[in-house]
Amino acid sequence: MGGYLPVDPASQRQMLAALGLSSAEELFADVPREMLMKQVDIPQGQSEMETEKAMRQMAGKNKVFASVFRGAGAYRHYIPAIVKNVTAKEEFVTAYTPYQAEISQGILQAIYEYQTMICRLTGMDAANASVYDGATAAAEALAMCWDKKKPLAIVAASAPPQVIQVCQTYCFGSGMELAIAPLRNGLVDKKALRQLLQDRPAACFYLQQPNYFGLIEDAAGIAEIVREHKTKLIMGVNPVAAALLQTPGEIGADIAVGEGQPLGMPLSFGGPYLGFMAANKAMMRKLPGRIVGETTDNRGNRAFVLTLQAREQHIRREKASSNICSNQALCALTASVYMAAMGPAGLRQAASLSVAAAHRLAEGLCAIPGFSLRYKSPFFHEFVTECPVTPAYLEERLAERGILSGLPLEDGGMLWCATEMNDQAQIDALLQAVREVTV
Amino acid sequence: MTMLIFERSGQGRRLSLLPETPVDVEQYIPGECLRRQDLDLPQLSENDISRHYTELAKRSHGVNDGFYPLGSCTMKYNPKLNEEMAASAGFCDIHPLQPLDTVQGCLQVMADAQKYLAEITGMDAVSLQPGAGAHGEFTGLLLIKAYLRSLGQDGRTKIIVPDSAHGTNPASAAMAGFSVINVPSDPQGDVDLAALKEAVGEDTAALMLTNPNTLGRFDKNILQITQIVHAAGGLCYYDGANLNAVVGLVRPGDMGFDVVHLNLHKTFSTPHGGGGPGSGPVGCKSFLAPFLPGPLAAEEPGGSYGWHLPVQCIGAVKAFYGNFLVAVKALSYILTLGADGLAAAATQAVLNANYLMKQLSGSYDMACDGLCMHEFVMSLEKLKQETGVSAMDVAKAILDCHMYPPTMYFPLIVHEALMVEPTETESKETLDQAAQAYLEIYRRAFSDPESLHNAPCGTVIGRVDEVGAARNPRLKYGD
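Here it is in structure tokens:
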């Protein structure tokens, strides 16, 4: 039997004796006998050495690609050493939500700094302490806009599929109706959007920037249409791209959300990631989840504390703005340390190198017969190509060569991504491999 | 006073993390799409950052720093092996959309975790997708909603929740589009059977219940309770927040529950990270399995692993497959403890809680009599009447003893409540020390109540102005 129990047998006997019990089984007297199990049907415990071996065997069955050209909602960026060092500190790792402010100032301050950085990145007024991921952040943002006179939300078809799916599931819960705004050439069709909004008033519109295909949407133009119809604008942004692109604040969005994984988190087979959420002043009190505020203590010191709790489930119960309590605090800390380490110049450089690498890759691919860009408008660090062979075939042949290709799309295209991690040598090797397998 | 990271910033300071190859961005992106607003992130050296966060770490308190008996939160020790396994490249550096044959290990982790968690809870199928306990509740309720809809029973719109329940229960019910009926509990925190019989009916979708309840008692009538709900055509939802008391010993499925969520960050030892990430897998009986959020990992004939999308899937509740690395840690924990270790852990958790309760019960009033399960609730109502010292005062005085206080003012049905959950990973010596500290504070309530109103005095800050913080919110630097 393995385990982490610090009570030795002699102590255990003393403790039982103090309770006047002769065996530990007597502790469970209230449990109906027929449901008390001897043991559940899972393997018996084992030593740390054996567990480590079993876990490493499983990890060993996965293939770690040195060369990754796939994004689609999960991005491989450089993670500075300081990020891993700070986020492994056990005072952060092993703490609970900072209910007791006096003994949790470090964590509270770190969250407050995170909220500030998210506001500065997005140009918004207030941010929360995080939600589960970018997709649930989008779904929570729709819920923030709930308006019983306009029980309709519209999501751009160019949002990532995982965002659309999660929004649909949340709307199944809330009863909000969800419509999908159609595309034209991979971008939101502004004429069709205007028509949708004219047909039926909508509470909100969700726009992804850059969109799922990597394209840069005309956010300012779309915002104008949305505003004309008194609909709230929610922008889902890639946080690395946000270092270069017009911010949701500049666009006039009411809520900004996004998947924070690119800010220092590894790919991790999809999680844990980070949902960030920020709002303008008018929407601030509708934000879900934990929020840290600055205040003072009884000695006049600056202090930080969980605040605006009247929104939350433990006070408001069924009238709460959301049910969320556990969030992604350690991932928010990761994002903070990442942004502090990168600084403004570093984050812009990560974004710029990614854009440049993606464009070099696109140019190289399109020089190979049968490859062409599906969409002609400006893109960030992802783009879709048509392929001379089936994308699944290309994926398989490149995987044999240690390269994770772009993502095969259902309609025969391939969604490619490049970041600063894909240097010229990697791009050259990819292009060489693609030429070999497509001749 | 600790400086904010923005106050440490100096123009032009930086780390050299990336190649400095110049890029003309406007060559690729139209100028009108570019950000004009200054990107005002802090500018620091690596040493600045390292010292800053070391200072913040010193102003924090985790399980590793000392006793942390925060009721309902199961702050047990977080084994180091599990952290090491989750940090290995074979799990961390895997893209969620890699080809199936390159992620067989990840799928095996998920399939094994699903299988073991199903057995531990007495359920038939498990989804690892929900990101935390509350998210699991929301998911479980959506399963119930989809199932009832598939039967044409749309009129079942009510969720019954005892007044002792966690606040997430009613909040999750509301998010899933149900209305909430609160039923009273008896003084032991048990469901009032008469009130339950009164509450159930043709509009009942489900009952949400945690057992042991929030007073730390195992509800003896549990089989009757689930029978009453089932007889009325409703379903039974198990809130797994308190599973640590009975894990490996009693299964929610055998109590009559149809759906459960677990908190891997409570019962299965994964760390809380200062508030997350957690993981809230949902398990259910076979008749609900077709509705689970997917995809689920599945072992296929021949020993390989693939994805399985339940036929009437409610959709996705989270991008990809949940907080995967948290599942890695939980699986590592389950493999180490095994069937025997889990049962031993639950037993010790209950023994530790009873031992500490016994030490305190000569002084502090307990919310109910008799033995408790993994946690107990004290009521300081009488102490407050006699001395003016509140549950808050006692909690704040405990901070000066380098311990984390119990959960305060919960459950709502106990006045001046302190809810204590020591967990199984604390030694007798730690419990004895804690008992001494609590008893000393109790004596001071009579001899020097003023000192308790002013506590804590040894922490880096004193009591904070929470009212001012909410009235005039300053949520970012510069507000």
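The listed protein sequences correspond, in order, to chains A and B. So for the first sequence, my numbering puts the first residue at 291; every next one is plus one. So for the second sequence, my numbering puts the first residue at 192; every next one is plus one. Every residue gets a Cβ at the ideal spot worked out from N, C-alpha and C, and that includes glycine. Remember, it's a predicted structure, so these values are computed and weren't measured experimentally.
The residues S263, G324, H357, T401, N454 and K457, in chain order, have a CB closer than 7 Å to that of A432 of chain B in the same chain once the five nearest residues on each side in sequence are set aside. Rounded to the nearest angstrom, the Cβ distance from G526 of chain A to V453 of chain A is 6 Å, consistent with a contact under 8 Å.
Around the beta carbon of R227 of chain B, fewer than 16 other beta carbons lie within 10 angstroms, which makes this residue exposed.
The Cβ-Cβ distance between M573 of chain A and M434 of chain A falls below 8 Å. Chain B has a Cβ within less than 8 Å of the Cβ of P668 of chain A.
Cβ-Cβ distances below 6 Å link L426 of chain B to I335, A397 and D449 in the same chain, with the five nearest sequence neighbours on each side left out; the list follows chain order.
Beta bridge pairing from DSSP links T395 of chain B with B:K349. Here I372 of chain B is bridged, per DSSP, to B:I351. A Cβ-Cβ contact shorter than 8 Å links S558 of chain A with L516 of chain B.
Nearest in C-alpha terms to T359 of chain B, of all of A:A708, A:S611 and A:S301, is A:S611. Contact annotation for E617 of chain B against chain A: P296 and V297 [CB-CB distance below 9 Å, chain order]. Note: W436 of chain A is not bridge-paired with any residue in the DSSP secondary-structure output. Taking a cut-off of 8 Å for Cβ pairs, the stretch 264-271 of chain B and the stretch 457-473 of chain B touch, as three or more such pairs fall below it.
For L288 of chain B and G413 of chain A, the gap between their C-alpha atoms comes out near 31 Å. Below 8 Å, enough C-beta pairs join the stretch 353-368 of chain A and the stretch 697-714 of chain A to call them touching: three or more. Interface residue (Cβ-Cβ distance to chain A less than 8 Å): L232 of chain B is classified as such. Annotated as proximal: A416 of chain A and A568 of chain A, with beta-carbon spacing under 8 Å. Burial is judged here by how many other beta carbons sit within 10 angstroms of a residue's own beta carbon; G463 of chain A has at least 16 and is buried.
Cα atoms of T312 of chain B and R303 of chain A: separation of roughly 30 Å, rounded to the nearest angstrom.
The three-state reading of DSSP puts H649 of chain A in helix, counting H, G and I together.
For M704 of chain A, no Cβ of chain B is located within less than 8 Å of the residue's own Cβ.
Under the Cβ distance rule, P370 of chain A counts among the residues neighbouring chain B, one pair being separated by less than 8 Å. Taken in chain order, the members of the stretch 546-576 of chain A whose beta-carbon sits within less than 8 Å of a beta-carbon on chain B are E549, P556, L557, S558, F559, G560, G561, P562, Y563 and M574.
In this structure, V451 of chain B places its C-beta atom within 8 Å of the C-beta atom of G474 of chain B. With contact defined as three or more Cβ pairs closer than 8 Å, the stretch 536-554 of chain B and the stretch 562-578 of chain B are in contact. Taken in chain order, the complete alpha helix (DSSP H) segments of 4 or more residues contained in the stretch 318-382 of chain A are 338-350 and 371-377. Put simply, the CB of F482 of chain B is far from chain A, with every gap to its CB atoms at 8 Å or more.
In this structure A365 of chain B is in contact with E608 of chain A, their Cβ atoms being roughly 4 Å apart against a cut-off of 8 Å.
Counting the other Cβ atoms within 10 Å of the Cβ of C504 of chain B gives 16 or more, which makes it buried. Judged by DSSP in its simplified three-state form, P640 of chain B adopts helix. Y665 of chain A places its beta carbon less than 8 Å from that of L505 of chain A.
Runs of the alpha helix (DSSP H) lying entirely within the stretch 214-295 of chain B and spanning at least 4 residues, in chain order: 237-249, 271-277 and 280-283.
When B:Y429, B:T417 and B:P403 are compared, the shortest CA-CA separation from F329 of chain B is found for B:Y429.
Runs of the alpha helix (DSSP H) spanning 4 or more residues and lying entirely within the stretch 403-464 of chain B occur at 413-422 and 443-446, in chain order. Here the C-alpha atom of M446 of chain B lies approximately 7 Å from the C-alpha atom of T417 of chain B. Within chain B, no residue has its CB atom less than 7 Å from the CB of T709 of chain A, the nearest being about 10 Å off.
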